[in-house]
Structures are given as structure tokens and as C-alpha cells.
Amino acid sequence: MRFWRHGWAILLLAYSSLAAAVMEIEIIGAGENQIPIALVPFGGDEKLATEINQVVAGDLQRSGLFRLVDPAGKSPHVVSEVEYADWQVRGADALNIGRVNALPDGRIEVQFRLLDVVKQTDLGGHAVSAAAGQVRAVGHRIADLIYEKLTGDRGVFSTRIAYVNRQSGRYKLIVADSDGYNEQVVLSLGEPIMSPAWSPDGSHLAYVSFENGHAAVYVQSLYTRQRKLIANFEGSNSAPAWAPDGALMALVLTRDGSSQIYLIRPDGTGLRRITFSGAIDTEPHFSPDGQFLLFTSDRGGSAQIYRMAVSGGPAERMTFGGGNNYSPRYRQDGKAFVFSHRENGRFYIATQDFQSGQMELLSAGGWEKKPSYAPNGKLILYASEGRGRGILATVSSDARIKQNMYTQSGDAREPVWGPLP
Amino acid sequence: MKKIVMSVVLVNLLAACASHPPAEAPAPVAEKSAPTAKAAPASATSAQVAVDPLNDPASILAGRSVYYPFDVSAVQEADKPLVQAHGKYLAEHAARKVRLEGNCDERGSNEYNLALGQRRADGVKKMLELSGAQASQLESVSYGEEKPRASAHNEAAWSQNRRTDLNYAK
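Protein chains in written order, with the working numbering: chain A, 4 to 424; chain B, 3 to 172.
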């Protein structure tokens, strides 16, 4: 948790020299109760204002919870310039105004204010600043503050995602902003990379690499780029997962026979086996309280989701019915989980509530795998397919809004949403 | 005489197809032709005494892959003679080492497929040991769905990708 306070600023600085790749984002569907909001392009530096406005508008729109109202000729920048009637006529419930300045040292500084058009009240002002070139980071931060104020939930626009890009036999482990922009290559290999997993403080990624000729687990710092080989036993070493306190990990080894779940410390010490099924047990994921693991097992004859205590003991089957289920991950409140469901040759993103035991499909089905929740539990990132390539996609937890993110080239695989900055 | 010629042609065809997965009903053909495969090269041995049977395209050892149905890791009946022949060869050539590389089609999660591929490779390893190979000659690894031989999303591609390769060290 050392980097918690200034995590996002530090990481952005560390990688700022790398160019952002071209992204194309396609949004499908609309939320039920969208908040109509007018984003007035900020006063001050016009170029910066336009760029920031695009990022904020894109973020809010992608969340599915907002509808953008065209300011159409009106451009107040301070409260005294606002005529509420102008915005009531346009159908806006909320209004965002402010100014952006490039400081002499190159830093970007934004002061903005959110107004409730219906109640004609000031919802409060904020100041956001960042180093030169961090325009997108500023936009994401502003979108987070607007989102939090108007929905009551944590914004996740400033978070990051990790995934693997595969192209012509080259595998790149990528960290990017939550909207897929600002791609940074963490590792590039001529052998497969799988299963990236964020440490709870966002400072490290664990992953599986085949650079030693077989699957082995590494932990790598995103700040120093130093990496450590933590499991390299005979056979396969895979499926790393972090406990919420960051002091313990679960992983899967075949060194004693079939794929079984073990606990290990992130420095590679303290290895201890916790499943003894003789079947395939894999894809462990810790509950938010650190007491339980969800995992995939074929111990019942086909791949299904099970739950067990981290301390060991019997496992309880969680998914029933037709088809197979894979890749479970807890929602942050611990009350539900998301997973990949296969039925009749199609893969769906599905969620299941622990209390009701009911499975709900969030997607129309296709080639959809490896889901993970955003830190606020409102969006789910997963691997999909479009235009003949592996792509990233998100779906809102109410299944109403879907977006496909087309990265520049190659296949995007194995995405996982990072923690809050 | 005609029958023998036919068999030899069949064996050669099979050897030529060794890198492809079995077609719809391959098992009977493979089983019937396996015995003649041993007889066929006999006429050639007088001319090529020093040939390592591993390098003989007419030998059953020319086959280096075994194939599986979806989500299955047991060596299928049709492939048992191949695996057993390799086990016997390894028993007779103690210096030889082979890497067993398990692969899967893309259905399932990457991690589940990594586990399944490992189980496929380990199954071949076990059968090789039962046929006389030493554990020290064998290494089993899995590539899961990460190294597909065919990339299309259809059964023709998937059937090629569900396999264990026997990769001899040079």
C-alpha cells in the first residue's frame, strides 16, 4: 500500500515517453436512467480544453450512466455567467464549467465546478493538476469526480488495465488506461505470456511466461521493472492471484501431479499446497475478505466453479446446470462473482449472486472470455472478438451498455482490470 | 502380393499424413496397418543397415503427434500403438530424450487449457514409461491453447490443436 497516495501520478511519469496507440471505441446500448449533463469546454487554453473535454465526454458516455447535452453556443466558465434557464431548456440536469491553464513550468491546471441545473445549486468545485502531457490523466480524474458526485459510486476512469497483445508470434504484456489508451509495454517476448494479475496496490503484476520453455510465474514491479521468478517447478506453474493484503498469493502447480492450488508469498517463499483433488483445480481468486477462494475445477466431470476456504478443507460447487464455467472472480462487495460460461459452442460473460445462486448472462455470446470487475463493480472487462481479431470489451453490470475497444493491431488477450489508484 | 503392395502404399500415405490429425474414422485403418508397418521396411533394411528407425519415414515412429476429442486427456485407442512404439524405442535408446508438449483447442479458459494440455502430456509420458522409457528421458510441458497449429474457429482447426507432440531432442 506504499504507493497508494501518489500511485497514478508516479506511474504516468515513469512511462510518459512512450507514444499512445490509436484506439477505436464502439458503444452499444444505453442505460435506463441516464443523467443529462452539459460539459462546457473549459475556458483558458483552447487546445488543452478541447482535448480534456473529449476525454471527459468519452468516459462519461462509456459508463452508460450519462447523456451528453450540447452546450450549443453557451459557454459560461464561472458561476456568475450561468443562466440556469438556458440549461433547463436544453434538458440538462447537470452542468460542468471551468478553466484550464498551462503553467509556466508546463504543468496543466484545471479548476472546475459542477452545478445542479434542476435545483439551481452549486455542487462544489475541484482543482486537478498534472505534469505536461498528462492531458488524458487530467480528463479521467475530472470524469471520476463528476461520476462520483452524480452517481454516488467510485469513478474508475483513472484506473488501469493489463492485457496481452499477440501479434505474429510476439507477445507483449501491456498496461493501459481504463479506456485502452496510453498503452505501455511492460514486457515483450517471443513466447506466450498469460494470466496477468495486479497486486492490490497496483505496484506489481504477476503473470505466466513461457520464456523458460514451460509455464512459469513471475512477479514484476511496474516502477522499477525488476522481476522475480517465483515458481519454476517441473511441469506448469500458472494462474497467480493476490490475496487482498498483498502478502500472500495463490497459484497452480503440476509438480505433484495434476494442476493443484498452492499458496506462496510474493517473494517465492512459504509454498504450501491447499487442494488435493487429483483433478484440474485452477484459476483461484481471493474473496475481498481474504478468507475464501473461488476456482475452476473439473473434479465433478466438467469445468465448473467451486469455493473453498483459503485455510483449506472441502470445496463447495457453485455452478450447476448445462455447459461449462471458467475464470471466476469475486465482485468487490463479495456478494456476487463473474465468470465465463460456455454453452452450445458459445462463450458468454455471466454473473451469479451468492445468495440466490442464479446465473445471469450479460452478453449475447460469442467468443467472450476472462472477465474482471472494475474496482467499483459497475463495469466488467473481458476478452472478445471483432473484425477477426481478439479485442477488449466492457459490459455494464446491468448488461445495458457494451463497448468494444479495438487496439491498433494484433490480438488483445487475457485482460484484467487494475485496482483503484 | 497385390495386397502387400497396397499395404505399403497405405503405410507411406499414413506416414506422409503423420502431421495431420486423424479424419472422421481413422482408428480401424491405423490399427490394421500397424502390423504391416513393421513388415514393410524389412525389405529395405538390407540396403540401409544404419538407419535410426526414428528417421525412417515408413516407421510408425515417424508419427510424432497424438490427438484427442474435446476436453479429453487420455491417449485414444488409435494412438496407443504409436505411443507404445516410441516407448519401446526410448527403452532401446537410453541416450534419447523426448519432450512431450500438450496442446488444446481454444475452447475453455487459457488456464484450464494449460492444465488440460499438461494432463495430456503427462498421460503420454506415463504410457511411454509403461512401455519401457525411463522418466529421465522424458519431460512433459503444456502450451494450453497458446500455440495453435491452426488458427480458425472451427472443428477442422480445433482437431489439429488438440494434441500432444513428441519432440525429440536433437
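Backbone N, C-alpha and C define an ideal beta-carbon position, used for all residues, glycine too. Since this is a predicted model, take the numbers as computed values, not measurements.
Can you give me the C-alpha to C-alpha distance between residue i and residue j, rounded to a whole angstrom?
{"i": "residue 353/A", "j": "residue 59/B", "result": "50 Å"}
{"i": "residue 134/A", "j": "residue 142/A", "result": "13 Å"}
{"i": "residue 193/A", "j": "residue 54/B", "result": "33 Å"}
{"i": "residue 309/A", "j": "residue 317/A", "result": "10 Å"}
{"i": "residue 274/A", "j": "residue 266/A", "result": "6 Å"}
{"i": "residue 34/A", "j": "residue 150/A", "result": "14 Å"}
{"i": "residue 289/A", "j": "residue 407/A", "result": "28 Å"}
{"i": "residue 131/A", "j": "residue 422/A", "result": "21 Å"}
{"i": "residue 70/B", "j": "residue 413/A", "result": "29 Å"}
{"i": "residue 252/A", "j": "residue 211/A", "result": "14 Å"}
{"i": "residue 322/A", "j": "residue 359/A", "result": "12 Å"}
{"i": "residue 47/A", "j": "residue 162/A", "result": "27 Å"}
{"i": "residue 63/B", "j": "residue 86/B", "result": "10 Å"}
{"i": "residue 419/A", "j": "residue 204/A", "result": "14 Å"}
{"i": "residue 56/B", "j": "residue 167/A", "result": "38 Å"}
{"i": "residue 124/A", "j": "residue 138/A", "result": "29 Å"}
{"i": "residue 89/B", "j": "residue 397/A", "result": "49 Å"}
{"i": "residue 179/A", "j": "residue 97/B", "result": "49 Å"}
{"i": "residue 197/A", "j": "residue 68/A", "result": "33 Å"}
{"i": "residue 270/A", "j": "residue 68/B", "result": "39 Å"}
{"i": "residue 218/A", "j": "residue 237/A", "result": "9 Å"}
{"i": "residue 145/B", "j": "residue 114/B", "result": "11 Å"}
{"i": "residue 227/A", "j": "residue 189/A", "result": "11 Å"}
{"i": "residue 381/A", "j": "residue 403/A", "result": "11 Å"}
{"i": "residue 83/A", "j": "residue 395/A", "result": "43 Å"}
{"i": "residue 336/A", "j": "residue 242/A", "result": "23 Å"}
{"i": "residue 338/A", "j": "residue 78/B", "result": "43 Å"}
{"i": "residue 345/A", "j": "residue 389/A", "result": "19 Å"}
{"i": "residue 118/A", "j": "residue 126/A", "result": "5 Å"}
{"i": "residue 73/B", "j": "residue 202/A", "result": "32 Å"}
{"i": "residue 25/B", "j": "residue 162/B", "result": "Low local confidence applies: a pLDDT of 46 at residue 25/B is under 50, so the model's placement there is unreliable, and no value is given."}
Report the CB separation of residue i from residue j in whole angstroms; it is logged as a contact under 8 Å.
{"i": "residue 312/A", "j": "residue 298/A", "result": "Incorrect: roughly 12 Å between the Cβ atoms, too far for contact."}
{"i": "residue 96/A", "j": "residue 121/A", "result": "5 Å"}
{"i": "residue 371/A", "j": "residue 342/A", "result": "Contact flag wrong, Cβ pair sits at about 11 Å."}
{"i": "residue 99/A", "j": "residue 40/A", "result": "7 Å"}
{"i": "residue 140/B", "j": "residue 127/B", "result": "5 Å"}
{"i": "residue 107/B", "j": "residue 151/B", "result": "Actually they do not touch by this definition, with Cβ atoms about 10 Å apart."}
{"i": "residue 1/A", "j": "residue 224/A", "result": "The requested residue 1/A is not part of the displayed model; chain A covers only 4 to 424."}
{"i": "residue 128/A", "j": "residue 116/A", "result": "4 Å"}
{"i": "residue 135/B", "j": "residue 76/B", "result": "At roughly 18 Å, the Cβ-Cβ gap does not stay under 8 Å, so residue 135/B and residue 76/B are not in contact."}
{"i": "residue 105/A", "j": "residue 176/A", "result": "Incorrect: roughly 34 Å between the Cβ atoms, too far for contact."}
Does DSSP put residue i in a helix, a strand or coil?
{"i": "residue 190/A", "result": "strand"}
{"i": "residue 212/A", "result": "strand"}
{"i": "residue 377/A", "result": "coil"}
{"i": "residue 314/A", "result": "coil"}
{"i": "residue 119/A", "result": "strand"}
{"i": "residue 124/B", "result": "helix"}
{"i": "residue 424/A", "result": "coil"}
{"i": "residue 86/B", "result": "helix"}
{"i": "residue 50/A", "result": "helix"}
{"i": "residue 94/B", "result": "helix"}
{"i": "residue 159/B", "result": "helix"}
{"i": "residue 81/B", "result": "helix"}
{"i": "residue 114/A", "result": "strand"}
{"i": "residue 197/A", "result": "strand"}
{"i": "residue 114/B", "result": "helix"}
{"i": "residue 148/B", "result": "coil"}
{"i": "residue 394/A", "result": "strand"}
{"i": "residue 119/B", "result": "helix"}
{"i": "residue 416/A", "result": "strand"}
Could you tell me if residue i is buried or exposed, where buried requires 16 or more neighbouring beta carbons within 10 angstroms of its beta carbon?
{"i": "residue 328/A", "result": "buried"}
{"i": "residue 292/A", "result": "exposed"}
{"i": "residue 31/A", "result": "exposed"}
{"i": "residue 400/A", "result": "buried"}
{"i": "residue 30/B", "result": "Note that residue 30/B scores 38 on pLDDT, short of 50, meaning its location in the model is unreliable and no value can be drawn from it."}
{"i": "residue 319/A", "result": "exposed"}
{"i": "residue 373/A", "result": "buried"}
{"i": "residue 125/B", "result": "buried"}
{"i": "residue 248/A", "result": "exposed"}
{"i": "residue 367/A", "result": "exposed"}
{"i": "residue 160/A", "result": "buried"}
Return yes when at least one heavy atom of the ligand GDP lies under 7 Å from the C-beta of residue i, else no.
{"i": "residue 141/B", "result": "The ligand GDP is not part of the structure shown, which contains no ligands of any sort."}
Would you mind listing the alpha helix (DSSP H) stretches within the stretch 56 to 106 of chain A that are 4+ residues and don't spill past its ends, in chain order? Runs found: 87 to 92.
Residue ranges of each alpha helix (DSSP H) within the stretch 130 to 172 of chain A, 4 or longer: Counting only runs that start and end inside the stretch 130 to 172 of chain A, the alpha helix (DSSP H) elements of at least 4 residues fall at 138 to 154.
Of the residues that make up the stretch 236 to 259 of chain A, which ones have a beta carbon closer than 9 Å to any beta carbon in chain C? Looking at the structure shown, chain C is missing, and the protein chains on hand are A and B.
Minimum length 4: unbroken alpha helix (DSSP H) runs contained in the stretch 226 to 296 of chain A: Within the stretch 226 to 296 of chain A, not a single complete alpha helix (DSSP H) segment reaches 4 residues in length.
Please specify which runs of the alpha helix (DSSP H), each continuous and at least 4 residues long, are wholly inside the stretch 339 to 387 of chain A, giving them in chain order. Annotation note: the stretch 339 to 387 of chain A contains no uninterrupted alpha helix (DSSP H) run of length 4 or greater.
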